[in-house]
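Participant: The numbers in the numbering used here rise by one with no breaks, and the one at position 65 of the sequence shown is 458.
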Amino acid sequence: MTTYTAPVKDMQFILHEMLDVSTSGIPGYDELEADFTSAVLEEAGKIASEVMHPLNATGDQEGCTLENGVVRTPTGFKAAFDQVREGGWTALDCDPEYGGQGMPYVLNTAVNEMFSSSNMAFNMYAGLTHGAYSAIHAHGSDEQKAKYLPKMVSCEWTGTMNLTEPHCGTDLGLMRTKAEPQGDGSYKVSGQKIFISAGENDLSDNIIHLVLAKIPGGPDGIKGVSLFIVPKFIVNEDGTPGERNGVSVGNIEKKMGIHGNATCVMNYDEATGWLLGEEHKGMRAMFTMMNEARMGVGLQGYAQAEIAYQNAVSYAHDRLQGRDVTGAKNPDGPADPLIVHPDIRRTLMDQRSFVEGARAFTMWGASMIDRAHRGEDKDADGLISLLTPVVKGFLTDQGFNMCVAAQQVYGGHGYIEEHGMSQFTRDARITQIYEGANGVQALDLVGRKLAQDGGKHVMAFFDMVKSFIKENSDNEALNDGFLEPLKAASKDLQAAAMYFMQNGMKNPNHALAGSTDFMHLFGYVCLGLIWSQMGKAAMEALENGAADADFYNNKIKTGRYYMARQLPATKMHLARIESGADPVMDLTPDAF
């Protein structure tokens with residue numbers, strides 16, 4: 394019942410007008426000419442809408458099954474997976490030395506959004522493989538990279554990350570999985586991991602598990618954790634999969650959403666593994682994968698909101714209900730379409746302004762990653778490190794809310810499975826939980842990232858906002874609805890940071906109780922800055938006689954809506970933060 398159309402024109406606007414990639418100075422961006430990126434995105438859009446999306450409902454309805462230790466993915470997944478990997482889509486931004494195409498991460502991000510919107514559960518198999526590839530690429534030995542990466546780049550072999558155990562999720566220092574050294578460079582890994590996405594599948598010839606475990610005799614807690622490569626099949630000298638390793642699936646979780654992706658209980662029974670990186674430095678290596686994953690999960694949040702919004706718009710145009718209070722708009726019919734009613738228009742504008750802002754924010758963040766990695770820019774690396782919990786936490790909280798809003802447009806039909814809106818809402822829900830629940834993202838932001846490098850990066854963000862406002866102060870068109878709201882919201886963010894500085898040292902609970910509000914406040918300001926940049930780019934396009942004036946005028950109108958109707962939420966979040974910890978902590982534990 395649902396459809397998906399890739400937002401190629403909007404992505405092209407972000408790349409070539411807002412970000413102006415060709416003049417950015419980031420190595421490799423000079424190759425991102427408009428005709429080239431258009432060709433890539435148009436083809437990716439066809440794969441998303443014609444190959445992946447038709448399997449979205451199938452995956453949701455069938456789910457995965459466990460048969461004799463092997464997970465069977467839903468009907469059509471294997472053929473579609475082969476088509477995607479044979480087209481080179483899994484290798485888009487990977488290292489050419491291992492078979493990748495070497496394109497910038499920002500272009501891979503745009504493609505990843507399309508694939509996530511069209512079929513999130515399906516896309517996770519390749520997405521997790523990409524994360525495992527990145528960890529091995531950053532921390533593996535030359536031998537490890539040569540052995541595993543070519544097959545992972547092509548997705549002939551898939552990959553996973555194994556962190557969580559039944560008794561510990563966020564507090565990984567409590568883990569019990571052990572890795573006993575064998576004297577030949579290998580280890581015997583034993584323990585159980587849970588919630589392992591894509592932990593087993595019938596899509597690939599081998600699965601390369603990255604497993605956190607403790608080497609006996611190491612430091613206590615998180616400082617004693619190491620990371621290991623544990624393949625499903627031991628790799629032979631000639632590079633082919635050999636004997637089965639001591640890793641098996643104990644169960645597939647029955648869960649609320651992403652049914653087409655196998656979420657597994659993984660049992661390691663003296664499985665042979667090899668150290669990735671240094672002993673007791675496993676979290677450093679795993680965070681290479683986790684930071685990429687957190688950016689990807691933030692993307693998943695707004696990607697689900699995008700497809701939900703597209704279908705809500707279609708329904709609002711088609712469904713006849715009531716009459717426009719200012720006069721009939723469909724006088725020959727029994728009622729007017731939903732789209733004429735102000736409250737329907739409000740909820741659609743909430744969705745649209747969020748999704749378009751979130752897309753631009755995420756692609757801007759991807760360009761920061763390219764600047765950091767390709768240009769070895771430490772300031773860019775610090776800035777995106779600061780903003781990663783905002784991308785993950787804010788975009789997934791809001792993305793879920795927007796899926797609910799899209800579902801609401803349908804009324805009762807949104808609650809009926811045949812219309813497909815339920816799946817978008819259920820699939821989006823996991824994005825708030827995995828790769829670090831959003832409360833943890835907020836604690837990371839306030840407890841670690843704000844003070845990182847002496848607060849250098851948050852000050853750089855404030856300066857970025859101030860500079861943009863100052864540089865455009867004479868721009869009358871931009872002053873109309875953009876700059877003043879941005880200035881006010883930025884002041885709210887600075888006031889919140891100041892509250893933490895003045896009160897957090899006396900009582901850390903004052904900061905921690907306000908951490909989620911701060912994450913959201915920060916997110917609103919980020920999208921306010923991004924919308925101001927997009928508004929400026931759209932105005933310049935109109936001044937230069939752009940052919941599609943409607944596109945740019947609608948971009949400006951949507952931006953003004955966000956600044957007027959969404960950005961004022963910063964004041965609410967600031968008021969909550971400044972109320973301190975007392976209202977939060979007043980009840981004793983036994984009073985609950």
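For glycine and all other residues, C-beta sits at the position ideal for the given N, C-alpha and C.
These numbers come from a predicted model, not from an experiment.
Could you compute how far the alpha carbon of Ser-593 sits from the alpha carbon of Met-445?
Facilitator: Ser is not the amino acid found at residue 593; the sequence shown has Glu there. The straight-line gap from Cα to Cα measures roughly 20 Å.
Participant: Out of Val-733, Trp-482 and Gly-456, which has the shortest C-alpha to C-alpha gap to Phe-470?
Facilitator: Gly-456
Participant: Specify the secondary structure class of Lys-978 as computed by DSSP and reduced to three states.
Facilitator: The sequence given here places Met at residue 978; Lys does not occur at that position. Met-978: helix per DSSP, three-state reduction.
Participant: Count the other CB atoms within 10 Å of the CB of Arg-841; is the residue buried (16 or more) or exposed (fewer)?
Facilitator: Around the CB of Arg-841, fewer than 16 other CB atoms lie within 10 Å, so the residue is classed as exposed.
Participant: To the nearest angstrom, report how far apart Ser-417 and Ala-853 are at their CA atoms.
Facilitator: 18 Å
Participant: Report, in whole angstroms, the separation of the C-beta atoms of Pro-782 and Leu-838, which I expect to be a contact under 8 Å.
Facilitator: Correct: roughly 4 Å between the Cβ atoms.
Participant: Could you compute how far the alpha carbon of Phe-855 sits from the alpha carbon of Cys-919?
Facilitator: Spanning the two alpha carbons is a distance of roughly 10 Å.
Participant: Which class does Gln-585 belong to by DSSP, given the choice of helix, strand or coil?
Facilitator: strand
Participant: Rounding to the nearest angstrom, what Cα-Cα distance links Ala-709 and Pro-735 in this structure?
Facilitator: 12 Å
Participant: Excluding the five sequence neighbours on either side, which residues of its own chain have a C-beta within less than 7 Å of the C-beta of Ser-527, listed in chain order?
Facilitator: Same-chain partners within the cutoff: Thr-681, Met-682 and Glu-685.
Participant: Mapping the DSSP letters down to three states, classify Asn-660 as helix, strand or coil.
Facilitator: strand
Participant: Using the Cα positions of Pro-612 and His-673, report the straight-line distance between them to the nearest angstrom.
Facilitator: Just so you know, the alpha carbons of Pro-612 and His-673 end up roughly 8 Å apart.
Participant: Do you know how far the Cα of Thr-909 is from the Cα of Asp-770?
Facilitator: 29 Å
Participant: Hey, Val-401 and Ile-645: beta-carbon distance below 9 Å or not?
Facilitator: no
Participant: Give me whichever residues DSSP pairs with Glu-558 in a beta bridge.
Facilitator: Its beta-bridge partners are Cys-561.
Participant: Where Gly-921 and Ala-721 are concerned, what is the direct C-alpha to C-alpha distance, given to the nearest angstrom?
Facilitator: 36 Å
Participant: If you reduce the DSSP assignment to three classes, tell me which class Leu-713 lands in.
Facilitator: strand
Participant: Is it buried or exposed for His-523, if we count other Cβ within 10 angstroms and need 16 for buried?
Facilitator: buried
Participant: Which residue marks the beginning of the beta strand (DSSP E) containing Arg-602, and which one marks its end?
Facilitator: First, the residue type needs correcting, since residue 602 is His and not Arg in the sequence shown. Unbroken beta strand (DSSP E) run through His-602: 599 to 607.
Participant: Just to confirm, are Ala-701 and Cys-796 a CB contact at a threshold of 9 Å?
Facilitator: yes
Participant: For Met-894, which residues from the same chain have a beta carbon less than 7 Å from its beta carbon, with the 5 sequence-adjacent residues on both sides left out?
Facilitator: none
Participant: Name the one or two DSSP bridge partners that Tyr-580 has.
Facilitator: Pro-574 and Gly-666
Participant: Where Met-659 and Cys-487 are concerned, what is the direct C-alpha to C-alpha distance, given to the nearest angstrom?
Facilitator: Annotation: Met-659 to Cys-487 spans about 28 Å, alpha carbon to alpha carbon.
Participant: Compute the Euclidean distance between the alpha carbons of His-966 and Gln-791, then round it to the nearest angstrom.
Facilitator: When rounded, the distance between both Cα atoms is 14 Å.
Participant: What residue range does the beta strand (DSSP E) around Thr-458 cover?
Facilitator: 458 to 460
Participant: Assign Met-496 to buried or exposed, taking buried as 16 or more other Cβ atoms, counted over all protein chains shown, within 10 Å of its Cβ.
Facilitator: buried
Participant: Would you say Thr-633 and Ser-579 are within 9 Å of each other, going by their C-beta atoms?
Facilitator: no
Participant: Please identify the residue among Thr-483, Ala-798 and Gln-703 whose C-alpha is closest to the C-alpha of Ser-511.
Facilitator: Nearest of Thr-483, Ala-798 and Gln-703 to Ser-511, Cα basis: Gln-703.
Participant: Do Asp-598 and Lys-544 have their CB atoms nearer than 9 Å?
Facilitator: Yes; because the gap between Cβ atoms is below 9 Å, this pair is in contact.
Participant: Tell me Asn-644's beta-bridge partners as DSSP assigns them.
Facilitator: Val-658
Participant: In terms of residue numbering, what span does the beta strand (DSSP E) encompassing Pro-634 cover?
Facilitator: 634 to 637
Participant: So, helix, strand or coil for Ser-866, using DSSP?
Facilitator: In the three-state reduction of the DSSP assignment, Ser-866 falls in the coil class, being assigned neither a helical nor a strand state.
Participant: Check Ile-398 in the structure and name its three-state DSSP category.
Facilitator: A small fix is needed here, since residue 398 is Thr in this sequence, not Ile. Three-state DSSP puts Thr-398 in coil, outside helix and strand.
Participant: Give me whichever residues DSSP pairs with Thr-551 in a beta bridge.
Facilitator: Residue pairing by DSSP puts Thr-551 in a beta bridge opposite Ile-600.
Participant: CB Glu-410 to CB Ala-870, shorter than 9 Å?
Facilitator: It is not a contact, given that the beta carbons lie outside the stated cut-off.
Participant: Val-797 lies in the alpha helix (DSSP H); which residues open and close that run?
Facilitator: 771 to 802
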